[in-house]
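To start, the structure under review is shown below, and the notes come after it.
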Amino acid sequence: MTLEIAGGRGGWPGSFAVATENARWTRVYAGGSVTFGHLVGDDYRTPRVWSAHGFGLPEADLAGFAVQLAKVMKHHAYWIARAECPDRRAGDATRWSPGRYDDEDAFVYFAGPCTHGDRLPGYHPAAAFTIALPHVRGLRIRVAAYLAAS
């Protein structure tokens, strides 16, 4: 089941939309970005984000996150942001590193343009993280490549 709540005039940039797919992920669209929320009671499985450097997810959550990325690319806010982005290479996979598996914590890390409110150095647990919509395509390519190779 998908719940889409859109405000603003015609869903143009700056408008707000929430999509809930399951008990694990939420997506909020606002201002040309998407914020992914990860709803898990276990702090260990919470995504780890190093603001402006990248993020990591438990490997077991990666397939579900790939579904979320696909849904973002179907949303009208994604296509509006891509069309308005002056950087035509913003959606390239080269904006993101290939997934790197860390066998100590069973997380997969992707370096790239991901943010959250904490500017401290290093990876920190974060219940939500934000990605500019034009960069979603490149991340989807990297996540799919990691999943295909595993």
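Residue 14 in this note's numbering sits at position 22 of the sequence shown, and the numbers go up by one each step. Ideal Cβ placement from N, Cα and C applies to all residues, glycine included. Model, not experiment: these values are computed from the prediction.
Task: Own chain residues within Cβ distance below 7 Å of residue 25, not counting five before or after - done: 122, 123, 124, 125
Task: Cβ-based neighbour list, residue 98, same chain, cut-off 7 Å, excluding 5 preceding and 5 following - done: 50, 51
- [ ] Spatial neighbours of residue 58 within its chain, please: CB distance less than 8 Å, with the 5 preceding and 5 following residues excluded, ordered by chain position.
- [x] 132, 135, 136, 139
TODO: Reducing DSSP to helix, strand and coil, say where residue -1 ends up.
DONE: With a pLDDT of 37 at residue -1, under the threshold of 50, the modelled position of that residue is not reliable, and the figure given next carries that caveat. DSSP places residue -1 in coil when its eight states are reduced to three.
TODO: Following the continuous beta strand (DSSP E) through residue 124, name the residue where it begins and the one where it ends.
DONE: 120 to 124
- [ ] Compare the C-alpha of residue 91 against each of 41, 81, 76, 103 and name the closest.
- [x] 103
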